[in-house]
Amino acid sequence: MEQTNLLEEFMNLSNEAEELSAKVAGLKDAVTAVLEQNAELRMNNGRLRERIEQLTAEQDDAEPTVVEHTAEAGMSKSRKNLEKIYMEGYHVCSKFYGQHLEPGESCAFCTDILYGERQR
Ligand SMILES: [Zn+2]
157 MEQTNLLEEF MNLSNEAEEL SAKVAGLKDA VTAVLEQNAE LRMNNGRLRE RIEQLTAEQD
217 DAEPTVVEHT AEAGMSKSRK NLEKIYMEGY HVCSKFYGQH LEPGESCAFC TDILYGERQR
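The number in our numbering is simply the position in the sequence shown, starting from 1, with 156 added.
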């Protein structure tokens with residue numbers, strides 16, 4: 157009778173040890189999965205950080221150029237409008253503004269306004 161109890165106790169303990177071993181193995185898999193995921197997220201995070209820095213640097217490089225272009229386009233656009241008026245035969249200079257030019261006539265004040273700044 158005593159021996160039967162001893163065997164039973166041993167079997168119970170053995171089963172518990174197996175269960176515990178299985179639980180430990182399961183936990184080990186879970187920890188490994190979390191660590192792998194963590195490493196992957198770290199890599200993605202690093203890549204995204206690099207991309208953001210790259211884009212920010214590109215934007216910093218691009219911004220002054222954009223402003224420059226806009227200012228230049230605005231100037232040349234208004235000058236083009238003046239040139240168009242001048243070509244249609246009207247003064248665009250402050251001295252004779254709006255007055256009619258004779259066909260073939262040119263005005264030094266007008267050409268200075270239209271082309272003077274560019275020659276400088
Ligand atoms: Zn003029």
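Even glycine gets a Cβ: it sits at the ideal position worked out from N, Cα and C.
Note that the coordinates shown come from a computational prediction; the quantities given were computed from them, not determined experimentally.
Note on geometry: alpha-carbon atoms of residue 180 and residue 215 lie some 52 Å from one another. Here residue 247 has 253, 254, 255, 257, 263 and 266 as same chain residues with Cβ atoms under 7 Å from its own Cβ, once five neighbours each way along the sequence are excluded. Distances between the C-beta of residue 247 and the heavy atoms of ligand 1 include at least one below 7 Å. Residue side-chain check: residue 251 places its Cβ nearer than 7 Å to a non-hydrogen atom of ligand 1.
In this structure, the beta-carbon distance from residue 238 to residue 270 falls below 8 Å.
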